Amino acid sequence: MRLARRYGIALVALLLVWATVLFFCSEKIINYDNTKSRSPVELVWWSKHMSWNYDEQRQCGIHTCRISNKRSRLPMARGVLFYGSNIKPGDFPLPRIKHQIWALLHEESPRNTPLISNDEFLRHFHFTSTFSRYSNFPLTTQYLPSGEALTSKDYYVPFSGKSNFGYRPVTSVVFLQSDCDTMSGREDYVKELMKHVPIDSFGSCLRNRDLPESLQKDYLNNLYSPELLRFLSEYKFMIAIENAACPDYITEKFWRPLIMGVIPIYFGSPTIKDWQPNSKSAIFVNDFHNPQELVKYLNKLAGNQQLYDSYRQHKLNLRNPISNQNLLHNLVTRQYHIGDSSSGASLFEKFECAVCYHVINTARNVKADSRHYNCPLEPVYAQLEGQEIPQNVADWRSMMEVGQCQAKLLDEFFRRNLSFTDAEFDAELNRRMEANSCNNSSNT
Numbered sequence: 001m002r003l004a005r006r007y008g009i010a011l012v013a014l015l016l017v018w019a020t021v022l023f024f025c026s027e028k029i030i031n032y033d034n035t036k037s038r039s040p041v042e043l044v045w046w047s048k049h050m051s052w053n054y055d056e057q058r059q060c061g062i063h064t065c066r067i068s069n070k071r072s073r074l075p076m077a078r079g080v081l082f083y084g085s086n087i088k089p090g091d092f093p094l095p096r097i098k099h100q101i102w103a104l105l106h107e108e109s110p111r112n113t114p115l116i117s118n119d120e121f122l123r124h125f126h127f128t129s130t131f132s133r134y135s136n137f138p139l140t141t142q143y144l145p146s147g148e149a150l151t152s153k154d155y156y157v158p159f160s161g162k163s164n165f166g167y168r169p170v171t172s173v174v175f176l177q178s179d180c181d182t183m184s185g186r187e188d189y190v191k192e193l194m195k196h197v198p199i200d201s202f203g204s205c206l207r208n209r210d211l212p213e214s215l216q217k218d219y220l221n222n223l224y225s226p227e228l229l230r231f232l233s234e235y236k237f238m239i240a241i242e243n244a245a246c247p248d249y250i251t252e253k254f255w256r257p258l259i260m261g262v263i264p265i266y267f268g269s270p271t272i273k274d275w276q277p278n279s280k281s282a283i284f285v286n287d288f289h290n291p292q293e294l295v296k297y298l299n300k301l302a303g304n305q306q307l308y309d310s311y312r313q314h315k316l317n318l319r320n321p322i323s324n325q326n327l328l329h330n331l332v333t334r335q336y337h338i339g340d341s342s343s344g345a346s347l348f349e350k351f352e353c354a355v356c357y358h359v360i361n362t363a364r365n366v367k368a369d370s371r372h373y374n375c376p377l378e379p380v381y382a383q384l385e386g387q388e389i390p391q392n393v394a395d396w397r398s399m400m401e402v403g404q405c406q407a408k409l410l411d412e413f414f415r416r417n418l419s420f421t422d423a424e425f426d427a428e429l430n431r432r433m434e435a436n437s438c439n440n441s442s443n444t
């Protein structure tokens, strides 16, 4: 009898456990079904530059999102998307709706929208996608197609091959640039270099050579075309100076020569050494006091195969071509790069899905700060002979100061949470600029 009673108690306990499991499982199934039946999460692009009708429903992992540029959808939207290059100071959706997040995409330097680099502006956004490693959706290595592109020998020319071109000097340097007015003073620095070493310049800036006819049509939109890479790979050095010097702002100017097996002469991101394939992969302008000192080093490398090839271990070291663990980790974990041609892999589609996920899964009290787009107010430029200042640096400094004033003024308008027009914003901005009162504006 005791044994039967024990079996009975055990059976009752087992049934209770089973009932509990069924209850919780059914709750999850019901919740999952309810989630599936809900309307898609809505996001709205806030840009007058999107003149076409855009309204799509997209599957972002397990989440379904509706993305449009219809401003009439704003009350239903849980996120508002802004593209930095198209931001207009007098065009923001105010008053803000409490449940909405603001998301910013800006892969460029601050030259076209200088207000973005200021904390007073950034702190009003919950989600960012910029070149900074600290943004929510970092684009630091977006211009590097793949790790294989760095190690491949598709465009590699051995040292002896680069030295066999009798019509080129031993120290062969190429410059290919069509933006001739930059915050970094790029064109001024190259002019100084040209006094000490012959440079083949094929772009519209300081041009002294013409590209082969087959490359002249649209090279700016085909920066990684095989034909262009083969042509440039015959040089030993390539000037790689960014248009602005911001931490983690790295463009094709750095990655392209590395892909070809050409040594970059680099100036730009102060954090660049965090991202090079090995401890010695490029020549950095900041390591030299002036252009003349740099050229002496170029001449030394150009005449010594062992020294020259020590910069190309990502091509020559078959066992360990990339030793930078930070770069290797990024290549595995990054969410976007230009080499991805799969469906839904465009920058804007990736950004939209990242914001959709963020809206659903992340608390909205987390906001951006200056690290999300960390560009200095004072333009940083490459050092010239005799401590000269690049020709246009004063204009760029003024532009950044105007951007700072814009950001402070927007901060005040955002805090008031009332709509305003372009005319109202411009009038107040001009008043403060004329009174030189930007730095004294209220932050309360």
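Note that the UniProt record's numbering has the sequence shown beginning at 1, numbered continuously upward.
C-beta: ideal position from N, C-alpha, C; glycine also.
Just so we're clear, the structure is a prediction, and the values are computed from it rather than from any experiment.
Residues bridged to residue i (per DSSP)
{"i": "residue 128", "result": "104"}
{"i": "residue 338", "result": "Note: residue 338 sits in no beta bridge, so no partner."}
{"i": "residue 199", "result": "173"}
{"i": "residue 384", "result": "According to DSSP, which records beta bridges pairwise, residue 384 is partnered with nothing at all."}
{"i": "residue 55", "result": "68"}
{"i": "residue 60", "result": "63"}
Delimiting residues of the beta strand (DSSP E) encompassing residue i
{"i": "residue 65", "result": "63 to 68"}
{"i": "residue 83", "result": "79 to 83"}
{"i": "residue 44", "result": "41 to 45"}
Neighbourhood of residue i by C-beta, 8 Å cutoff - its chain only, sequence neighbours within 5 removed
{"i": "residue 85", "result": "106, 108, 112, 113"}
{"i": "residue 393", "result": "183, 185, 379, 381"}
{"i": "residue 432", "result": "405, 409, 438, 441"}
{"i": "residue 422", "result": "88, 89, 90, 91"}
{"i": "residue 162", "result": "172, 234, 235, 236"}
{"i": "residue 364", "result": "99, 101, 126"}
{"i": "residue 322", "result": "147, 150, 151, 277, 278, 314, 328"}
Cutoff 7 Å; reference residue i; Cβ partners in own chain excluding five residues on either side
{"i": "residue 248", "result": "131, 132, 133, 140, 269, 271"}
{"i": "residue 100", "result": "77, 78, 79, 80"}
{"i": "residue 227", "result": "214, 215"}
{"i": "residue 280", "result": "310, 311"}
{"i": "residue 50", "result": "69"}
{"i": "residue 295", "result": "193, 196, 197"}
{"i": "residue 30", "result": "A caution first: residue 30 carries a pLDDT of 34, below 50, which makes its placement in the model unreliable, though a value can still be read off. Cβ neighbours of residue 30 beyond the five flanking positions: none."}
{"i": "residue 274", "result": "326"}
{"i": "residue 336", "result": "139, 142, 347, 350"}
{"i": "residue 428", "result": "409"}
{"i": "residue 53", "result": "none"}
Cβ-based neighbour list, residue i, same chain, cut-off 6 Å, excluding 5 preceding and 5 following
{"i": "residue 211", "result": "202"}
{"i": "residue 229", "result": "155, 260"}
{"i": "residue 180", "result": "187, 205"}
{"i": "residue 149", "result": "259"}
{"i": "residue 245", "result": "184, 268, 380"}
{"i": "residue 413", "result": "420"}
{"i": "residue 176", "result": "202, 203"}
{"i": "residue 400", "result": "114, 377"}
{"i": "residue 103", "result": "79, 81, 127, 355"}
Range of the contiguous alpha helix (DSSP H) that encloses residue i
{"i": "residue 416", "result": "393 to 416"}
{"i": "residue 180", "result": "Counting along the chain, residue 180 falls outside any alpha helix (DSSP H), and DSSP gives it neither H nor E."}
{"i": "residue 150", "result": "147 to 151"}
{"i": "residue 422", "result": "422 to 435"}
{"i": "residue 194", "result": "186 to 194"}
{"i": "residue 119", "result": "119 to 122"}
{"i": "residue 161", "result": "159 to 162"}
Checklist entry - Where are the beta strand (DSSP E) runs, 3 residues long or more, that stay fully inside the region 217 to 272, in chain order? => result 237 to 241, 263 to 267
Query raised in the report: Below 8 Å, can you find three or more Cβ-Cβ pairs linking the region 213 to 223 to the region 180 to 195?
Result: no
Can we say the region 65 to 85 touches the region 36 to 56, given the rule of at least three CB pairs closer than 8 Å?
yes
Review point. Does the region 231 to 238 come close enough to the region 324 to 336 that 3 or more CB-CB pairs lie under 8 Å?
Key: no
Runs of 4 residues minimum, wholly inside the region 274 to 355: which ones carry the alpha helix (DSSP H) assignment?
291 to 302, 305 to 309, 313 to 316, 325 to 333
- Evaluate contact between the region 350 to 358 and the region 55 to 67, counting only Cβ atoms and requiring at least three cross-stretch pairs below 8 Å. yes
Does the pairing of the region 118 to 127 with the region 362 to 372 give three or more beta-carbon distances under 8 Å?
-> yes
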